[in-house]
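J.: Let me begin by handing over the structure; questions about it come next.
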Amino acid sequence: MRAHNEDLTDRETCKAGFSEEDYTALISPNILQGEKLLQVKFSSCLGTKGTQYETNSLDFKVGADGTVFATRELQIPSEQVAFTVTAKDHQTAKQWDTMVRLLVAQTWSSRSEHKKGKKNVALDPSQYPKDTLLPWPPHQSSSGLRRQKRDWVIPPINVPENSRGPFPQQLVRIRSDKDNDIPIRYSITGVGADQPPMEVFSIDSMSGRMYVTRPMDREERASYHLRAHAVDMNGNKVENPIDLYIYVIDMNDNRPEFINQVYNGSVDEGSKPGTYVMTVTANDADDSTTANGMVRYRIVTQTPQSPSQNMFTINSETGDLVTVAAGLDREKVQQYTVIVQATDMEGNLNYGLSNTATAIITVTDVNDNPPEFTASTFAGEVPENRVETVVANLTIMDRDQPHSPNWNAVYRVISGDPSGHFSVRTNPATNEGMVTVVKAVDYELNRAFMLTVMVSNQAPLASGIQMSFQSTAGVTISVTDINEAPYFPSNRKLIRLEEGAPPGTALTTFSAVDPDRFMQQAVRYSKLSDPANWLHINASNGQITTTAVLDRESLYIKNNVYEATFLAADNGIPPASGTGTLQIYLIDINDNAPELLPKEAQVCEKPGLNAVNITAADADVDPNIGPYVFELPFVPAAVRKNWTITRLNGDYAQLSLRVLYLEAGMYEVPITVTDSGNPPLSNTSVIKVKVCSCDENGDCTTVGAVAAAGLGTGAIVAILICIVILLTMVLLFIMWMKRREKERHTKQLLIDPEDDVRDNILKYDEEGGGEEDQDYDLSQLQQPEAMEHVLSKAPGVRRVDERPVGAEPQYPVRPVVPHPGDIGDFINEGLRAADNDPTAPPYDSLLVFDYEGSGSTAGSVSSLNSSSSGDQDYDYLNDWGPRFRKLADMYGGGEED
Numbered sequence: 001m002r003a004h005n006e007d008l009t010d011r012e013t014c015k016a017g018f019s020e021e022d023y024t025a026l027i028s029p030n031i032l033q034g035e036k037l038l039q040v041k042f043s044s045c046l047g048t049k050g051t052q053y054e055t056n057s058l059d060f061k062v063g064a065d066g067t068v069f070a071t072r073e074l075q076i077p078s079e080q081v082a083f084t085v086t087a088k089d090h091q092t093a094k095q096w097d098t099m100v101r102l103l104v105a106q107t108w109s110s111r112s113e114h115k116k117g118k119k120n121v122a123l124d125p126s127q128y129p130k131d132t133l134l135p136w137p138p139h140q141s142s143s144g145l146r147r148q149k150r151d152w153v154i155p156p157i158n159v160p161e162n163s164r165g166p167f168p169q170q171l172v173r174i175r176s177d178k179d180n181d182i183p184i185r186y187s188i189t190g191v192g193a194d195q196p197p198m199e200v201f202s203i204d205s206m207s208g209r210m211y212v213t214r215p216m217d218r219e220e221r222a223s224y225h226l227r228a229h230a231v232d233m234n235g236n237k238v239e240n241p242i243d244l245y246i247y248v249i250d251m252n253d254n255r256p257e258f259i260n261q262v263y264n265g266s267v268d269e270g271s272k273p274g275t276y277v278m279t280v281t282a283n284d285a286d287d288s289t290t291a292n293g294m295v296r297y298r299i300v301t302q303t304p305q306s307p308s309q310n311m312f313t314i315n316s317e318t319g320d321l322v323t324v325a326a327g328l329d330r331e332k333v334q335q336y337t338v339i340v341q342a343t344d345m346e347g348n349l350n351y352g353l354s355n356t357a358t359a360i361i362t363v364t365d366v367n368d369n370p371p372e373f374t375a376s377t378f379a380g381e382v383p384e385n386r387v388e389t390v391v392a393n394l395t396i397m398d399r400d401q402p403h404s405p406n407w408n409a410v411y412r413v414i415s416g417d418p419s420g421h422f423s424v425r426t427n428p429a430t431n432e433g434m435v436t437v438v439k440a441v442d443y444e445l446n447r448a449f450m451l452t453v454m455v456s457n458q459a460p461l462a463s464g465i466q467m468s469f470q471s472t473a474g475v476t477i478s479v480t481d482i483n484e485a486p487y488f489p490s491n492r493k494l495i496r497l498e499e500g501a502p503p504g505t506a507l508t509t510f511s512a513v514d515p516d517r518f519m520q521q522a523v524r525y526s527k528l529s530d531p532a533n534w535l536h537i538n539a540s541n542g543q544i545t546t547t548a549v550l551d552r553e554s555l556y557i558k559n560n561v562y563e564a565t566f567l568a569a570d571n572g573i574p575p576a577s578g579t580g581t582l583q584i585y586l587i588d589i590n591d592n593a594p595e596l597l598p599k600e601a602q603v604c605e606k607p608g609l610n611a612v613n614i615t616a617a618d619a620d621v622d623p624n625i626g627p628y629v630f631e632l633p634f635v636p637a638a639v640r641k642n643w644t645i646t647r648l649n650g651d652y653a654q655l656s657l658r659v660l661y662l663e664a665g666m667y668e669v670p671i672t673v674t675d676s677g678n679p680p681l682s683n684t685s686v687i688k689v690k691v692c693s694c695d696e697n698g699d700c701t702t703v704g705a706v707a708a709a710g711l712g713t714g715a716i717v718a719i720l721i722c723i724v725i726l727l728t729m730v731l732l733f734i735m736w737m738k739r740r741e742k743e744r745h746t747k748q749l750l751i752d753p754e755d756d757v758r759d760n761i762l763k764y765d766e767e768g769g770g771e772e773d774q775d776y777d778l779s780q781l782q783q784p785e786a787m788e789h790v791l792s793k794a795p796g797v798r799r800v801d802e803r804p805v806g807a808e809p810q811y812p813v814r815p816v817v818p819h820p821g822d823i824g825d826f827i828n829e830g831l832r833a834a835d836n837d838p839t840a841p842p843y844d845s846l847l848v849f850d851y852e853g854s855g856s857t858a859g860s861v862s863s864l865n866s867s868s869s870g871d872q873d874y875d876y877l878n879d880w881g882p883r884f885r886k887l888a889d890m891y892g893g894g895e896e897d
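Now the structure itself:
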């Protein structure tokens with residue numbers, strides 16, 4: 001199916017799956033082979049094609065239309081049979097499951113049994129009204145023989161949907177034969193009763209009449225499974241619960257709904273009649289096993305009606321759109337719009353409900369028109385040595401769909417270019433052919449080209465279509481001559497030469513060639529790059545000579561190669577030039593003497609503990625370097641006397657002390673080094689050796705290092721003495737600071753008059769007398785109701801949590817500059833003022849405290865008061881420190897006072 005969904009929202013509203021979670025049907029105990037039992041309804045949102053049904057039972061199968069049938073003759077021994085039906089979609093590899101329950105209908109008949117000459121007859125169901133169900137088998141009297149019966153399986157109750165009522169509408173009456181003996185209460189449970197949706201069904205608990213309370217909708221729920229219960233007035237079970245199955249009878253109340261309102265399909269132009277185009281699908285929510293849900297399709301209109309008004313037809317049952325007439329041509333009609341109608345009631349337009357959708361059919365292009373050139377010949381011109389240059393544009397005409405593989409052109413040069421200088425590329429916007437130079441052409445070799453170009457499409461031509469003779473064209477291309485630059489045939493020319501060649505030495509001739517054979521032009525040479533300025537080139541013939549000595553050890557040499565660049569220019573219009581690189585490989589000669597390494601060393605003053613390893617560095621290369629010869633000179637004689645050299649290998653030697661002891665210090669030891677060049681070169685270098693005293697590990701000690709550095713013993717002692725003096729001065733300064741701090745604390749107090757506290761009376765809050773002063777009536781502790789009540793009490797009975805009302809006494813004013821002799825008078829005046837101040841606590845009145853009981857283990861302090869007289873010992877003031885020394889002198893003098 002070549003259909004495209006343009007309405008994603010409509011697709012999202014469809015949910016694939018079975019219409020019910022489980023299906024239930026009532027069957028007889030004996031089933032014939034092939035007998036149809038019920039039909040399951042499944043929707044895949046893409047039609048029924050590709051859906052296959054399977055079951056997990058060998059006795060039952062499901063047909064392609066969802067009909068469940070028996071595979072053989074069966075006799076059902078049990079009350080019900082349950083199995084699973086699986087729907088598989090082969091396109092998406094998904095599967096869905098539903099449960100099928102087949103309930104076996106059983107009947108019972110009244111039986112007469114005799115016992116002891118008495119006849120007991122079961123109740124006849126015909127005695128009850130026709131809408132009364134007896135779901136429980138009749139019971140024998142207790143005096144007769146009793147046989148246990150199985151409960152009945154009640155046939156399903158059918159209720160039509162969309163009933164107009166009135167509601168509640170009675171469905172059936174449920175009775176038990178025991179209600180003749182005892183009162184019975186009936187109830188129902190299950191989905192629709194006491195489970196959501198709630199109270200769809202109700203039952204009269206006394207009469208057993210069962211009602212439906214509102215209109216039913218089969219599309220909302222197709223069946224209900226309830227259980228009926230019978231109990232006595234005490235709630236005791238009288239009968240076993242019985243199953244009730246209620247089926248909602250379908251009405252044609254739903255129109256067919258297309259999965260999409262717009263369907264997109266395509267068909268190739270020139271297709272034969274009967275070619276499949278697309279499938280449209282409409283789903284009806286009504287019961288698909290009845291005419292209410294059986295949908296039929298038909299085409300209402302077709303636009304445009306060219307070349308025929310009936311170009312398409314539709315399968316009324318499957319919704320498959322196919323072509324019915326020939327003549328589809330995209331170049332004439334590119335798209336058809338077909339209005340499709342879906343009607344239920346098996347397509348009956350008088351009784352069925354209908355809906356429409358739009359099918360847009362695009363006529364797809366096939367390559368039935370070969371491309372053709374608009375001219376038989378084309379011409380162009382190109383300068384020589386140009387690449388990626390468009391020489392000519394080739395125009396074509398193709399009536400197929402633009403910018404499709406049937407329209408896109410492909411160009412190919414079929415003759416006239418054996419060397420592959422040209423390529424024809426396609427302009428994606430205009431479909432023109434652009435003749436492009438991909439390989440430079442040479443005017444001296446080819447002055448013109450005659451090309452033959454063929455055009456075709458990316459897609460092959462349709463069957464029966466032949467290539468047009470106008471699909472080939474000729475292209476003439478002229479080549480124009482331009483001034484080409486001279487070039488060096490042997491670019492990056494390499495020559496070998498020993499270094500040290502004197503100035504003026506001719507090295508080589510570095511000449512260029514002018515490719516313009518038809519132009520008489522002269523070539524001139526110049527130097528473009530000469531980093532060391534060692535070379536010179538003859539401007540006429542390109543001969544190169546040296547202007548300085550070439551040194552291989554120069555910084556301009558890399559890997560023994562010196563590189564210079566030269567320019568060759570002609571005198572054409574405009575002039576052209578080319579560059580060439582000359583590489584000179586310099587062969588090494590022994591022109592550098594070796595250098596001694598290292599320049600400084602350190603040894604112990606006693607031989608045998610350590611030595612100095614020495615080597616040499618030579619700027620030359622092998623064979624003008626090692627092995628080296630290390631020697632001590634004969635002059636001065638002290639060198640060979642104190643030192644000796646031991647050869648380790650060709651490149652290393654060892655310098656050590658010859659004498660048993662050498663005073664610590666810095667020594668300069670000359671050493672002569674000779675290389676192995678031809679002729680050999682030698683060099684005398686000086687190594688500075690530091691001789692010092694060493695520890696047991698052969699490392700210089702600190703004193704030894706200092707001594708070796710040139711400091712004598714006197715200098716070292718002087719440095720140590722200076723360090724000791726500095727530390728002593730720091731220690732003395734710290735001690736002096738601590739002593740000064742101590743004296744500052746012990747010095748006699750010199751107090752500013754503002755800071756003098758000796759004549760200040762410090763007032764503290766007091767809580768009145770002790771426990772012995774609290775011998776009072778507890779009733780006086782009650783909270784007064786008003787201030788007048790307090791003021792009206794007798795003197796001496798007053799609350800202390802309020803400030804007494806009265807004039808405050810004046811305390812003596814402290815003189816600005818007090819005299820030590822006046823301090824006694826000042827204290828006495830302040831004491832008298834405090835004794836006479838009724839506003840200062842304690843107020844010598846009753847105090848309001850929480851009562852804590854009588855008696856106290858603490859001694860009384862009532863004898864203490866501010867105006868008590870008598871001798872007192874003030875000697876303890878001497879122990880209070882220097883701040884109280886003046887008071888101690890005044891009051892602690894004893895007899896001297």
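FYI, the UniProt record's numbering numbers position 725 of the sequence shown as 725, with every residue one higher than the one before it.
Built from N, CA and C at the ideal position, the CB exists for glycine as well.
Note that the coordinates shown come from a computational prediction; the quantities given were computed from them, not determined experimentally.
1) Can you look up G474 in the DSSP assignment and give me helix, strand or coil?
2) Straight-line CA distance for D695 to N592?
3) Pull up the CB-CB distance for L394 and A473, whole angstroms please, since I reckon it's below 8 angstroms.
4) Beta strand (DSSP E) containing V322: first to last residue?
5) On the DSSP bridge assignment, give the partners of E239 in chain order.
6) Suppose contacts are defined by Cβ-Cβ distances below 7 angstroms. Is V438 in contact with S423 by that definition?
7) Could you give the distance in angstroms between the alpha-carbon of V453 and the alpha-carbon of G274?
8) Go ahead and pull the three-state DSSP assignment for V827.
9) Could you tell me the boundaries of the alpha helix (DSSP H) in which Y891 lies?
10) Using DSSP with H/G/I as helix, E/B as strand and the rest coil, what is I249?
11) So the candidates are M206, G190 and I477; which of them puts its Cα closest to the Cα of I182?
12) Hey, out of T374, V387 and V391, whose CA is closest to E381's CA?
13) Name the residue from I721, E73, S376 and L58 whose alpha carbon lies nearest to the alpha carbon of G34.
14) Mind pulling the beta strand (DSSP E) runs of 3 or more residues that sit fully within the UniProt domain "Cadherin" (259-373)?
15) Thinking C-alpha only, which one of E631, G677, L328 and T701 is nearest V669?
16) Less than 7 angstroms between the C-beta atoms of E444 and R517, yes or no?
17) Which of the three DSSP states, helix, strand or coil, is assigned to T728?
18) Suppose the cutoff is 7 angstroms on Cβ atoms and the five residues either side in sequence are ignored; what does the same chain contact list for D194 look like?
19) Among all the DSSP beta bridges, which residues are the ones paired with A409?
20) Hey, P304 and V333 are a contact pair by Cβ (cut 8 angstroms); roughly how many whole angstroms apart?
21) Touching or not, the stretch 507-525 and the stretch 483-497, by the rule of three or more beta carbon pairs under 8 angstroms?
22) Starting from N483 and walking both ways along the beta strand (DSSP E), at which residues does that stretch end?
23) For the candidate residues N678, C14, L103 and T86, whose alpha-carbon lies nearest to that of residue 906?
24) Using only the alpha-carbon positions, how far apart do R173 and M233 sit?
25) Span of the alpha helix (DSSP H) holding V68?
26) Have a look at A326 and D268 and give me their C-alpha separation to the nearest angstrom.
27) With 16 as the cutoff for other CB atoms within 10 Å, does E895 come out buried or exposed?
28) Can you give me the Cβ contacts of D844 inside the same chain, cut-off strictly under 7 angstroms, excluding the 5 residues immediately before and after it?
29) In angstroms with no decimal places, state the Cα-to-Cα distance between V248 and P215.
30) If you draw a straight line from the C-alpha of K690 to the C-alpha of Y667, how long is it?
31) For V717, which three-state DSSP category applies?
32) Which first and last residues belong to the alpha helix (DSSP H) in which N683 is found?
33) Assess, as a yes-or-no matter, whether the stretch 578-586 is touched by the stretch 618-627 under the definition of 3 or more beta carbon pairs within less than 8 angstroms.
34) Is W96 helix, strand or coil when you go by DSSP?
35) Which whole-angstrom value describes the C-beta separation of D417 and L451, a residue pair presumed to lie in contact below a C-beta threshold of 8 angstroms?
36) Please state whether DSSP places F42 in a helix, a strand or coil.
T.: Per the coordinate set shown:
1) DSSP places G474 in strand when its eight states are reduced to three.
2) Those two C-alpha atoms are separated by around 42 angstroms.
3) In this structure L394 touches A473 by the C-beta definition: roughly 7 angstroms separates them, less than 8 angstroms.
4) That run of the beta strand (DSSP E) goes D320 to T323.
5) Bridge partners of E239: A230.
6) Against a cut-off of 7 angstroms, the Cβ pair of S423 and V438 comes out as a contact.
7) Approximately 42 angstroms between the Cα atoms of the pair.
8) Here the sequence assigns Ile to residue 827, which means Val is not the residue at that position. Of the three classes helix, strand and coil, the one that applies to I827 here is helix, per DSSP.
9) Its alpha helix (DSSP H) spans residues R885 to Y891.
10) Collapsing the DSSP output to three states places I249 in a strand.
11) Of the candidates M206, G190 and I477, the one whose C-alpha sits nearest the C-alpha of I182 is M206.
12) Out of T374, V387 and V391, V391 has the C-alpha closest to the C-alpha of E381.
13) The residue with the shortest Cα to Cα distance from G34 is E73.
14) Listed in chain order, the beta strand (DSSP E) elements of length 3 or more contained wholly in the UniProt domain "Cadherin" (259-373) are 262-268, 276-279, 296-303, 312-314, 320-323, 335-343 and 354-364.
15) Selected option, being the one with the closest Cα: E631.
16) For the pair E444 and R517, the CB atoms are nearer than the 7 angstroms cut-off.
17) T728: helix per DSSP, three-state reduction.
18) There are no such residues.
19) Bridge partners of A409: N457.
20) Going by Cβ atoms, the distance from P304 to V333 rounds to 6 angstroms, so yes, they are a contact pair.
21) Yes: the two stretches touch, three or more of their Cβ pairs being nearer than 8 angstroms.
22) Neither: N483 is in no beta strand (DSSP E) and is coded neither H nor E.
23) In the structure as shown, the chain starts at 1 and stops at 897, and residue 906 therefore has no counterpart that could be examined.
24) Their backbone Cα atoms lie some 19 angstroms apart in a straight line.
25) Secondary structure note for V68: it is in no alpha helix (DSSP H), and the uninterrupted beta strand (DSSP E) holding it is T67 to A70.
26) For A326 and D268, the distance between alpha carbons rounds to 11 angstroms.
27) A caution first: E895 carries a pLDDT of 45, below 50, which makes its placement in the model unreliable, though a value can still be read off. Looking at its Cβ environment, which holds fewer than 16 other Cβ atoms inside 10 Å, E895 is exposed.
28) For D844, the predicted structure reports a pLDDT of 49, less than 50, and the residue's modelled location is therefore unreliable. A value from the coordinates is still provided. Result list for D844: empty, nothing under 7 angstroms.
29) Straight-line Cα distance between these residues: approximately 10 angstroms.
30) Those two C-alpha atoms are separated by around 6 angstroms.
31) Looking at V717 - three-state DSSP - the assignment turns out to be helix.
32) Segment S682 to C692 is the beta strand (DSSP E) holding N683; no alpha helix (DSSP H) there.
33) Not touching, per the Cβ criterion.
34) Three-state result, W96: strand.
35) With a Cβ gap of about 6 angstroms, D417 and L451 count as contacting.
36) Looking at F42 - three-state DSSP - the assignment turns out to be strand.
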